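The sequence shown runs 1188 to 1317 under our numbering. Where a beta carbon is used, it is the ideal one built from N, C-alpha and C, also for glycine. Everything numeric in this text was worked out from a predicted model, so none of it was measured. Accompanying notes for the structure given below.
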Amino acid sequence: MPSKQGDLSLLDHPGAQELLHATIPARLAYTWKDGTPRVIPIWFHWNGEEVVFGSPPKAPKVMVLAEHPDVALTIDTNQPPNKVLLIRGIARVEIVDGVAAEYAAAAERYLGEEQGRAWVEQVRAIAPQM
């Protein structure tokens, strides 16, 4: 039986897994306070069940996502053969003390282990929560 759009098992496909573990920033689409669409690049971490990203609690996107949680996320390549992964869902805002473990994992994936850890230490100094 073929998979249908919205079937989370589609994220187990090797092509989806490749993009979920790549160092390509995702593009997060969400709705701003005035109802207009916004799209921003984000680092993310795929934990096998959810796409997780970190940001300081007072960041505008965090406050807006709590009010307007419908989101879309695209991860794509820009060289042929083009690969595209589109995920739609409902965002859940969860504030944690310190730097979120998923944010640290994403930083290491995007920047490499040493630079990722250094970046996380800089973020930790200015953001007591995420």
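Rounded to whole angstroms, what's the CA-CA distance from residue i to residue j? Just pull it up for me.
i       : j       : result
Lys1245 : Leu1252 : 11 Å
Leu1195 : Arg1311 : 33 Å
Pro1256 : Pro1224 : 12 Å
Ser1242 : Gly1222 : 22 Å
Asn1234 : Pro1267 : 28 Å
Trp1230 : Glu1289 : 10 Å
Glu1281 : His1232 : 15 Å
Trp1306 : Pro1228 : 18 Å
Leu1198 : Val1239 : 15 Å
Ile1277 : His1200 : 22 Å
Met1188 : Glu1301 : Any reading at Met1188 must be qualified, since the residue scores a pLDDT of 43, below 50, and its modelled position is unreliable; no value is offered.
Gly1299 : Val1258 : 28 Å
Ala1203 : Met1250 : 29 Å
Tyr1217 : Val1226 : 7 Å
Gly1286 : Met1317 : Before going on, a small fix: residue 1286 reads as Val here, not Gly. Computed Cα separation, rounded: 6 Å.
Leu1206 : Tyr1297 : 13 Å
Arg1279 : Lys1191 : 24 Å
Helix or strand or just coil, what does DSSP make of residue i?
i       : result
Ala1312 : helix
Arg1279 : coil
Trp1230 : coil
Ala1259 : strand
Which residue marks the beginning of the alpha helix (DSSP H) containing residue i, and which one marks its end?
i       : result
Val1251 : Pro1247 to Glu1254
Leu1198 : It is not in any alpha helix (DSSP H) - Leu1198 carries neither H nor E in the DSSP assignment.
Ala1291 : Ala1288 to Leu1298
What residue range does the beta strand (DSSP E) around residue i cover?
i       : result
Leu1215 : Ala1213 to Thr1218
Here's the rule: buried if 16 or more other CB atoms are within 10 angstroms of the residue's CB, otherwise exposed. What is residue i?
i       : result
His1208 : exposed
Leu1272 : buried
Gly1303 : buried
Ile1313 : exposed
Query raised in the report: For the segment 1212-1221 against the segment 1259-1270, are there 3 or more C-beta pairs whose distance is under 8 Å?
Result: Yes, the segment 1212-1221 touches the segment 1259-1270.
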